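**Q**
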Amino acid sequence: MSLYVTELRRLAKRRLTRVMLVLLVLGLTGVATALAFSSQKRSPAVIAQAQVEADAQYRQATKDWEKMIAECDAAQARGEQTEDRYGPNCGRDWQPQPEMFDPEWSLPYQFDFRGEFSRLVAVFAGAVALFGFVVGASFVGAEWSTGGMMNLLLWRPKRLAVLGSKLAALLSLLAGVTVLLGALWTAAFWLIGSTRGTTAKVTAGVWQSVGLSGLRALAMILVAGAVAFALASLGRHTSMALGVAVGVAVVSEIGIRIGTGIAGVRFADRYVLSTYAMAWFEKQWKLIDHDSCQFVQGACEPKELIVTWQQSGLLFGLAAALVLTAAFWIMRRRDVA
Amino acid sequence: MSAVLEIEDLRKTYKSRRRGDRHALDGFDMLVEAGQVHGFLGPNGSGKTTTLRTLLGLIRPDGGRMAVLGQEVPAGLSTVTGQVGAIVESPQFFPHFTARDTLSLLAGAGEVPATRVDEVLELVGLRDRAGERVKTYSLGMKQRLAVASALLKNPKLLILDEPANGLDPGGIREMRTLMRDLAESGMTVVLSSHILGEIQLICDSVTIISLGRRVAFGPVDQVLAAHSHGAVRVRLDTAEDLAAAAEVLGRNGVPVARHPDHLMLSGVEKPASVSLLLAEHHLYVSELAPVSVDLESVFLELTNTAPVPGQHRQVDESVQIGGAEKSGRAGGGWGA
Ligand SMILES: Nc1ncnc2c1ncn2[C@@H]1O[C@H](COP(=O)(O)OP(=O)(O)OP(=O)(O)O)[C@@H](O)[C@H]1O
Ligand SMILES: [Mg+2]
C-alpha cells in the first residue's frame, strides 16, 4: 500500500505529468471554445432571418432565370443556335421552385448535443489516450533511464510489486483524469448545447449511450497508458514506447495500405489499426469492397465487411495483455545494472 | 562474532554473443563480521560493483551462495532489506526532483518515518540545499545525497560503493568520522573504495578482489604484516662495507638489494639474526629497520597493478587467482 501511495505521489510530482495535463486541458478547452463560438442557437429571429435569405435567393434565381429566357429568345430571333447554351426550349422547364430554397440551408451551424456528442467523446478519448500514452511511457521510462528504478529496487526488492504499484498508480491517475475531465467535457457541451445550440430529444436512452461511449473511452485510455508503460518498461526507456507507436502507425496505416493495395487484397482496411479504433467508438465499422461489383452486369450491391467493437476490444485487449505480460515477465528475470 | 555478510563461490557471467562470455565473478568469497568497517578493494573492473549488485538482488548470480544478516539471499532478501542500506556505484536520482522529495519518496516506499529525512539530510550536510533540484547538484552533493539515502533506514548493514567519489577533503574526513561513529553504534559497514589511505585509516578488515576472485582478506594489520615480506633496511657504519655485507647475506640465503648507502633485505623473519650474522663477519650495523608497508603497496603487489614505466596497463590486466602462472605467489600464506 505504501508503495502505491508513494508511486501516486511520484507521478503527481513529475513535471511532465503536470505539463501534459495543462496541455490536455488547454487543448480540450480550445475545442470546446471553438465549437461554442461557431454554434448559434436557432431562435425565432435567426429562423426568420434564414427565411428572408431563402426568399431573397429564390427571387434572385427567378430573376436570373427570366433574364436567361429573354436572352435566349433574343438570340433565337437573331437566328442563332441556342440549344447548347440554354438547353431545349430556352430552359423554360427549369423554373426555380420555392422548395428548392430551403431556409434550413441558410441557417447558421447549431450544435446538436444528441447528434454530435458521441463524436466529441471520441475526440476526448483520443486526446486523453495520447496524454496517457506519453505520461505512461515516461513515468516508467525515465525512471529506468535515470537509474531511479534501480534505486527503488534497492529499497523494495520485490520487483513485481514495484512495477505493479507503478502501473496501478498510473492507471488510477488516468482513470481519475478521465472521469474528472470527462464530467467537465460533458457539462461543457451540455452548456454549449443549452445556451448556443440544442439539447432537444436527449432522452434517457441517449444518456445511456453516452455513458457507454464514456466507458469505452475510459477503456481505450487505460489500454493506451498500460501499453505505453509496458513498452517503456521493456525497453527501459521512454523512447522505446514512442518509437514502437510511431513504427506501428507507419507500418499499419501506410505500409499495410500500400502493400495490400499492390497485392489487391480484399477489404485491406481490415488489417489497419485505425479501422479497429473507429469500430471501437462507432460500435461497428463498415468496410465496402467496391471492386466486388461488375457494373456491366447491371446493378449490384458491393460486398461489405463489418468490424464490430467486440472484435476491436478483443484485438486491443489481447495486444495489451501480451505486452503487459512480457513486461512483467522480463521484469522478474532481468539484470538491473 | 557473527557473520553479517557471507559470500561463497559466487559466480556471475555476462554473456555476449559477439564478445563471448565474461566471468565478472569467478568463485568469489567474502566474509564480513558484525560491527566491522570492512574495506572492499580491487582494481577497476575486478567485480566489486557486480558483487554488491548481486548481493542486493539487482542481478542474478550464476552460482554460489550468499547470506545477509543470517538470511540466504536472494531468496530472503525482502525480509532483510529493511536493515540494509546501500548505494551502488554513484546512484542516479531522478534529476527534476529535489533532494527532500527524492528521500521522502524513498522513505514512503520503504515505510520509514518521514522525520528521518531531515535527520539524514542534516547528517550529510545537505540541510540548506535540500529544496533544490538534484539536477543542479555538484558531484559531491549528489554523492552526499546517495549516502543520505543509504542511511535513511538506519540500517544494520551499510553497503557503500565508492562513497567518497567526488567528495572534497573535508567531506572525506567527515565521511571517515561518520563511518567510525556508525560502526561504534553497532552498524556494520562495507566500503568499496580506491582511496586506500582512507581504507587503511577506517577499516578493521579488508577483502581484495582481482578478476572476480578474492586475492586477500583479513584484518588490515594482518594483511599488512603478511605482505611486508620481512623487509628490512640495513645501514652499516661504513658504506664501503656494504658490498661485503651483501655478499655475506647472499651466501646465507637472504635476498638482498643494494642501494648506494643501504641494503634492502626481504624475507627476514628475525631482524636481530641479521645483525648477529653480520657481526660474526665484523660488519657492524648502524641501522636495522623493519620497513612497514602501506595498504597501497600491498594492494598493488597483490593485484599486480603497480604501474610499470613505459607501459600502459589495461584493465583486466591484474592478478588471476587460480590462473596459470601467479597462483602460487598470491595464494600463499593467507589463513583466515
Ligand atoms: N552489464 C554488463 N554487461 C557486461 N559486462 C559487465 C556488465 N557489468 C559489468 N560488466 C563487467 O564485469 C566486470 C566487473 O565489473 P564491475 O562493475 O563489478 O567492476 P568494479 O570492480 O566495480 O570496477 P570499478 O572499480 O571500475 O568500479 C567488468 O569486466 C565489466 O566490464
Ligand atoms: Mg564499481
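Here the protein sequences line up with chains A and B, keeping their order. Numbers 1 to 337, taken from my numbering, label the letters of the first sequence in order. Numbers 1001 to 1336, taken from my numbering, label the letters of the second sequence in order. For glycine and all other residues, C-beta sits at the position ideal for the given N, C-alpha and C. All of these numbers come straight from a predicted model, not from anything done at the bench.
Tell me the rounded alpha-carbon separation between F124 (chain A) and G182 (chain A).
**A** Your numbering for residue 124 (chain A) matches position 124 in the first sequence. Your numbering for residue 182 (chain A) matches position 182 in the first sequence. Straight-line measurement puts the Cα of G182 (chain A) at about 8 Å from the Cα of F124 (chain A).
**Q** Residues of chain A with a CB under 7 Å from the CB of G1108 (chain B): which are they?
**A** The residue you call residue 1108 (chain B) lines up with position 108 of the second sequence. Against chain A, the beta carbon of G1108 (chain B) has neighbours under 7 Å at S2, V5, T6, R9, listed in chain order.
**Q** Can you find the residues in the same chain that come closer than 7 Å, C-beta to C-beta, to T17 (chain A), ignoring five residues on each side of it along the sequence?
**A** Counted from its first residue, the first sequence places residue 17 (chain A) at position 17. Around T17 (chain A): L11, V135.
**Q** Could you name the residues, in chain order, whose CB is less than 7 Å away from a heavy atom belonging to ligand 2?
**A** That query returns the following residues: B:K1048, B:T1049, B:E1089, B:D1161, B:E1162, B:S1192.
**Q** Enumerate in chain order the residues of its own chain whose CB-to-CB distance from G340 (chain A) is below 7 Å, with the five nearest sequence positions on each side excluded.
**A** Past the edges of chain A, shown from 1 to 337, lies residue 340 (chain A), and the structure says nothing about it.
**Q** Decide if P1091 (chain B) is buried, meaning its Cβ has at least 16 other Cβ atoms within 10 Å, or exposed.
**A** In the second sequence, residue 1091 (chain B) corresponds to position 91, counting from 1. So P1091 (chain B) counts as buried.
**Q** Compare the C-beta of Q1071 (chain B) against all C-beta atoms of chain A and say whether one is closer than 8 Å.
**A** In the second sequence, counting from the first residue as 1, residue 1071 (chain B) sits at position 71. Not a single C-beta of chain A is nearer than 8 Å to the C-beta of Q1071 (chain B).
**Q** Flag Y1284 (chain B) as yes when its Cβ comes closer than 7 Å to any non-hydrogen atom of ligand 1, and as no otherwise.
**A** Locating residue 1284 (chain B) in the second sequence gives position 284, counting from the first residue. No; taking the cut-off as 7 Å, the Cβ of Y1284 (chain B) has no heavy atom of ligand 1 nearer than that.
**Q** If you follow the alpha helix (DSSP H) that M1030 (chain B) is part of, which residue opens it and which one closes it?
**A** Residue numbering aside, residue 1030 (chain B) sits at position 30 when the second sequence is read from its first letter. Not the alpha helix (DSSP H): M1030 (chain B) falls in the beta strand (DSSP E), residues 1022-1033.
**Q** For Q1071 (chain B), write down the residues that DSSP places opposite it in a beta bridge.
**A** Residue 1071 (chain B) sits at position 71 when you count from the first residue of the second sequence. DSSP lists B:V1068 as partners of Q1071 (chain B).
**Q** Which complete alpha helix (DSSP H) runs does the stretch 261-286 of chain A hold, if anything under 4 residues is left out?
**A** 273-282
**Q** Please check the pair S213 (chain A) and F281 (chain A), which I expect to be a contact at CB under 8 Å, by giving their CB distance rounded to whole angstroms.
**A** Mapped onto the first sequence, residue 213 (chain A) falls at position 213. Mapped onto the first sequence, residue 281 (chain A) falls at position 281. At roughly 7 Å, the Cβ-Cβ gap stays under 8 Å, so S213 (chain A) and F281 (chain A) are in contact.
**Q** Per the contact definition of three or more C-beta pairs closer than 8 Å, is the stretch 1034-1053 of chain B in contact with the stretch 1207-1215 of chain B?
**A** yes
**Q** Thinking C-beta only, is V244 (chain A) closer than 8 Å to I256 (chain A)?
**A** Residue mapping note: residue 256 (chain A) aligns to position 256 of the first sequence, counting from 1. Residue mapping note: residue 244 (chain A) aligns to position 244 of the first sequence, counting from 1. No, Cβ-Cβ distance for I256 (chain A) and V244 (chain A) is not below 8 Å.
**Q** According to DSSP, simplified to helix, strand and coil, what is D55 (chain A)?
**A** For this step, residue 55 (chain A) is matched to residue 55 along the first sequence. In the structure shown, D55 (chain A) sits in a helix (DSSP, three-state: H, G or I).
**Q** Taking the continuous alpha helix (DSSP H) assigned at V1268 (chain B), which residues delimit it?
**A** To locate residue 1268 (chain B), count along the second sequence from 1; it is residue 268. Premise fails: V1268 (chain B) is in no alpha helix (DSSP H) and is neither H nor E.
**Q** Strictly below 9 Å CB to CB, what residues from chain A border I1059 (chain B)?
**A** Translated into positions along the second sequence, residue 1059 (chain B) becomes position 59. Within 9 Å Cβ-Cβ: R334, D335, V336, A337.
**Q** Express the C-alpha separation of P1163 (chain B) and N151 (chain A) in angstroms, rounding to a whole number.
**A** For the purposes of this step, residue 151 (chain A) is taken as residue 151 along the first sequence, with counting starting at 1. For the purposes of this step, residue 1163 (chain B) is taken as residue 163 along the second sequence, with counting starting at 1. Near 15 Å, if we compare the C-alpha coordinates of P1163 (chain B) and N151 (chain A).
**Q** Starting from the Cα of D1241 (chain B), find the closest Cα among B:Y1284, B:R1100, B:R1180, B:T1051 and give me that residue.
**A** On the second sequence, residue 1241 (chain B) is found 241 positions in, with the first residue counted as 1. With respect to the C-alpha of D1241 (chain B), the residue from B:Y1284, B:R1100, B:R1180, B:T1051 having the closest C-alpha is B:Y1284.
**Q** With a threshold of 8 Å between beta-carbons, can G1335 (chain B) be considered close to chain A, or not?
**A** Taking the first residue of the second sequence as 1, we reach residue 1335 (chain B) at position 335. With a pLDDT of only 33 at G1335 (chain B), under the threshold of 50, the placement of this residue in the model should not be trusted; the figure read from the coordinates follows. Not closer than 8 Å to any Cβ of chain A, the Cβ of G1335 (chain B) fails to qualify, so no.
**Q** Quick check on D1026 (chain B): buried or exposed, where buried means 16 or more other Cβ atoms within 10 Å of its Cβ?
**A** For the purposes of this step, residue 1026 (chain B) is taken as residue 26 along the second sequence, with counting starting at 1. By the 10 Å Cβ count, D1026 (chain B) comes out buried.
**Q** Using only alpha-carbon positions, find the residue among B:M1141, B:T1136, B:G1108 that is nearest to R1127 (chain B).
**A** Locating residue 1127 (chain B) in the second sequence gives position 127, counting from the first residue. When each option's Cα is compared against that of R1127 (chain B), the closest is B:M1141.
**Q** List the whole-angstrom C-beta distance separating V1223 (chain B) from V1248 (chain B), where the pair is believed to meet the contact cut-off of C-beta under 8 Å.
**A** Mapped onto the second sequence, residue 1223 (chain B) falls at position 223. Mapped onto the second sequence, residue 1248 (chain B) falls at position 248. In fact, because the Cβ distance is near 32 Å, the residues do not count as touching under 8 Å.
**Q** Grouping DSSP H, G and I as helix and E and B as strand, with all else coil, what is E1287 (chain B)?
**A** Reading the second sequence from its first residue, position 287 is the one you call residue 1287 (chain B). E1287 (chain B): strand per DSSP, three-state reduction.
**Q** Extract the residue ranges of the beta strand (DSSP E) inside the stretch 1173-1247 of chain B, only unbroken runs of 3 or more that lie entirely within it.
**A** If we require 3 residues or more, the beta strand (DSSP E) runs fully inside the stretch 1173-1247 of chain B come out as 1188-1192, 1205-1210, 1213-1219, 1232-1236.
**Q** Helix, strand or coil: which one does DSSP assign to H290 (chain A)?
**A** The count along the first sequence starts at 1 and reaches residue 290 (chain A) at position 290. H290 (chain A) falls in the helix class under three-state DSSP.
**Q** For chain A, is any of its Cβ atoms less than 8 Å away from the one on F1040 (chain B)?
**A** Position 40 of the second sequence, counted from the first residue, corresponds to residue 1040 (chain B). No, no contact with chain A.
**Q** Name the two residues that bound the continuous alpha helix (DSSP H) containing D1101 (chain B).
**A** For this step, residue 1101 (chain B) is matched to residue 101 along the second sequence. D1101 (chain B) -> alpha helix (DSSP H) spans 1099-1110.
**Q** Does the distance from the C-beta atom of L153 (chain A) to that of R159 (chain A) stay below 8 Å?
**A** Numbered from its first residue, the first sequence carries residue 153 (chain A) at position 153. Numbered from its first residue, the first sequence carries residue 159 (chain A) at position 159. Result yes, Cβ atoms of L153 (chain A) and R159 (chain A) sit closer than 8 Å.
**Q** Return the first residue and the last residue of the beta strand (DSSP E) that R1011 (chain B) is part of.
**A** As a working note, residue 1011 (chain B) is residue 11 in the second sequence. Segment 1003-1014, the beta strand (DSSP E) holding R1011 (chain B).
**Q** Does the contact criterion of 3 or more C-beta pairs under 8 Å hold for the stretch 171-181 of chain A versus the stretch 16-33 of chain A?
**A** yes
**Q** Can you tell me whether DSSP reads E304 (chain A) as helix, strand or coil?
**A** For this step, residue 304 (chain A) is matched to residue 304 along the first sequence. DSSP places E304 (chain A) in strand when its eight states are reduced to three.
**Q** So what does DSSP say about G1333 (chain B), is it helix, strand or coil?
**A** Here residue 1333 (chain B) is taken as the residue at index 333 of the second sequence, counted from 1. Annotation note: pLDDT 32 at G1333 (chain B) (below 50); position unreliable, coordinate value reported separately. Note: G1333 (chain B) maps to coil in three-state DSSP.
**Q** For T1098 (chain B) versus A1148 (chain B), is the C-beta spacing smaller than 8 Å?
**A** Translated into positions along the second sequence, residue 1098 (chain B) becomes position 98. Translated into positions along the second sequence, residue 1148 (chain B) becomes position 148. Contact flag unset, no.
**Q** Looking at the secondary structure, which residues open and close the beta strand (DSSP E) in which A232 (chain A) lies?
**A** The residue labelled residue 232 (chain A) in the question sits at position 232 within the first sequence. No beta strand (DSSP E) holds A232 (chain A); the alpha helix (DSSP H) holding it covers 204-235.
**Q** Please check if any C-beta of chain A sits within less than 8 Å of the C-beta of R1258 (chain B).
**A** Here residue 1258 (chain B) corresponds to residue number 258 of the second sequence, with the count starting at 1. So, not an interface residue.
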